[in-house]
DNA sequence: AGCGAATACTTAGGTGGCGAAGTATCCTCC
DNA sequence: GGAGGATACTTCGCCACCTAAGTATTCGCT
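Protein chains in written order, with the working numbering: chain A, 34 to 201; chain B, 34 to 201.
Shown next, in the form of structure tokens:
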């Protein structure tokens, strides 16, 4: 197979930094993981922009939709899952609410709480973006046979399992 | 093997969004790629913080060091490789220069240009961070046998090759 | 019952980053 | 050789996000 960016990266590394110990295969795997993630991030950004959402608006709608209780959550839950601060979440929700994609409902049983709920419009635009985004992923996946895809999935899972052990 | 975050994610998906067509294997692969990248990003952040660098300071030093001409580049080249704007680059370099990790040298043959050069201190702290960071990667890679690692690398490359075709 | 700690969210102040405009320098072509 | 455009970097105004402090409410303990 022709070389990819990662091959060139690893070759350069070997030339210039002989003294820094490193395993080519390990470096190759993780650099490629990073390149794939980066590519998909950009593809997502394009897809999402096409339907008229910013990256972070889509992300917020997305975690709101893929929960056990789809379309409904507290700001704190969303913030945790998105890896943003509570303050950041307030800002995002302000924007989403103003755009009409979510609404804030005061919780009756605990008046400190707020329930974030997606609106019909929010759900519709999220679905549009999802669809476009899925196409980019499917397109990439076509580089592999079904069998290869299954193997890749199995090996990646061994790695994620370990990473989740490390995180506790 | 026990289930990981991705298994739970895919299961939830199937329960709640039956109507949105999606391929489990494809979704599994790309969600795991994202989870691994996310884990390593955080591991890097911890490693880098330990030696006293912020994330973006390290990133900047890093691309500066792994070039064909290690330790020397123009701001524009760095900005392109880091995916930040020219303006953002100016800001980063201001900080790095103030901290004493790089210096700006006016280019003599073309006085519009500036040459960014790493200092001894900058190189030293980058190496420290590199070392710590490599350990997190090696630790993850130990989840796989050497043979599995090679297979994983081969399959990932098929995907990166396609992604690079798409980018032109 | 009531006081202090904990919880849920919002506001305030500061930082990195972006796009666009600005400044300086170099290249092209008549 | 001089005008117009391209190039390289910086400055400016704005935005999303962070940490820390603030407000409101509920829980826990005596």
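All C-beta atoms, glycine included, are put in the ideal place defined by N, C-alpha and C.
With residue i as the anchor, note down where its beta strand (DSSP E) starts and where it stops.
i: residue 139 (chain B); result: 135–139
Identify the residues that DSSP records as bridge partners of residue i: which are they?
i: residue 148 (chain B); result: B:138
i: residue 105 (chain B); result: B:150
Could you tell me which chain B residues have their CB closer than 8 Å to the CB of residue i, listed as they occur along the chain?
i: residue 34 (chain A); result: 190, 191 and 194
i: residue 59 (chain A); result: 170, 171, 174 and 182
i: residue 38 (chain A); result: 193 and 197
Residues of chain A with a CB under 8 Å from the CB of residue i: which are they?
i: residue 65 (chain B); result: 186, 189, 190, 192 and 193
i: residue 95 (chain B); result: Here the premise fails: no neighbours, minimum Cβ distance about 12 Å.
i: residue 62 (chain B); result: 174, 182, 185, 186 and 189
i: residue 177 (chain B); result: 188, 191 and 192
Under 8 Å Cβ to Cβ from residue i, same chain only, skipping five residues before and after it: list those, please.
i: residue 182 (chain B); result: 174
i: residue 158 (chain B); result: 84, 85, 86, 94 and 134
i: residue 132 (chain A); result: 90
i: residue 225 (chain B); result: With chain B represented from 34 up to 201, any question about residue 225 (chain B) goes unanswered, as that position is not in the structure.
Along chain A, in chain order, which residues have C-beta atoms closer than 9 Å to that of residue i?
i: residue 158 (chain B); result: Simply none; closest approach about 14 Å.
Anything in chain B within Cβ reach of residue i, meaning under 7 Å, just list it in chain order.
i: residue 173 (chain A); result: 192, 195 and 196
i: residue 73 (chain A); result: 63
i: residue 163 (chain A); result: 53
i: residue 103 (chain A); result: 49
Using a cut-off of 9 Å between C-beta atoms, extract the partners of residue i located in chain B.
i: residue 89 (chain A); result: The premise fails here: residue 89 (chain A) is roughly 16 Å from chain B at the closest Cβ pair, so nothing lies under 9 Å.
i: residue 46 (chain A); result: 99
Sort the options by Cα distance to residue i and report the nearest one.
i: residue 34 (chain B); options: A:185, A:201, A:194 and A:198; result: A:194
i: residue 114 (chain B); options: B:190, B:93 and B:138; result: B:93
i: residue 140 (chain B); options: B:131, B:107 and B:129; result: B:107
i: residue 55 (chain A); options: B:37, B:85, B:166 and B:41; result: B:166
i: residue 203 (chain B); options: B:99, B:134 and B:89; result: Here chain B comprises residues numbered 34 to 201, so residue 203 (chain B) is not present and cannot be evaluated.
i: residue 147 (chain A); options: A:111, A:180 and A:161; result: A:111
i: residue 41 (chain B); options: A:160, A:158, A:101 and A:168; result: A:101
i: residue 192 (chain A); options: B:68, B:125 and B:103; result: B:68
i: residue 170 (chain B); options: B:154, B:125, B:156 and B:79; result: B:79
i: residue 161 (chain A); options: A:70, A:81 and A:126; result: A:81
i: residue 186 (chain A); options: B:46, B:49, B:65 and B:50; result: B:65
i: residue 201 (chain A); options: B:45, B:72 and B:196; result: B:72
i: residue 49 (chain A); options: B:37, B:98, B:49 and B:59; result: B:98
i: residue 96 (chain A); options: A:180, A:63 and A:155; result: A:155
i: residue 103 (chain A); options: B:38, B:47 and B:39; result: B:47
i: residue 168 (chain A); options: A:63, A:39 and A:76; result: A:76
i: residue 59 (chain A); options: B:59, B:198 and B:180; result: B:180
i: residue 53 (chain A); options: B:163, B:37, B:53 and B:172; result: B:163
i: residue 177 (chain A); options: B:123, B:142 and B:196; result: B:196
List, in order along the chain, the chain A residues whose C-beta lies closer than 7 Å to that of residue i?
i: residue 109 (chain B); result: Those do not exist, as residue 109 (chain B) stays about 19 Å from chain A at its closest Cβ, beyond 7 Å.
i: residue 167 (chain B); result: 55
i: residue 70 (chain B); result: 66, 67 and 70
Taking the alpha helix (DSSP H) that residue i falls in, what are its first and last residues?
i: residue 90 (chain A); result: 88–98
i: residue 63 (chain B); result: 57–83
i: residue 132 (chain A); result: 119–132
i: residue 177 (chain A); result: From DSSP, residue 177 (chain A) is part of no alpha helix (DSSP H); its letter is neither H nor E.
i: residue 46 (chain A); result: 38–49
Grab me the residues of residue i's own chain with a C-beta within less than 7 Å of its C-beta, minus the 5 sequence neighbours each way, in chain order.
i: residue 136 (chain B); result: 130, 150 and 152
i: residue 57 (chain A); result: 43
i: residue 24 (chain A); result: Here chain A covers residues 34 to 201 and nothing more, so residue 24 (chain A) does not appear.
i: residue 39 (chain B); result: 61, 64, 65 and 68
i: residue 122 (chain B); result: 108, 111 and 112
Leaving aside the five residues before and after residue i along the sequence, list all residues of the same chain whose C-beta is less than 6 Å from its C-beta, in chain order.
i: residue 119 (chain B); result: 112
Is there at least one non-hydrogen atom of the ligand HEM closer than 6 Å to the beta-carbon of residue i?
i: residue 187 (chain B); result: Judged by which ligands are present, the structure shown has none, so any question about the ligand HEM falls away.
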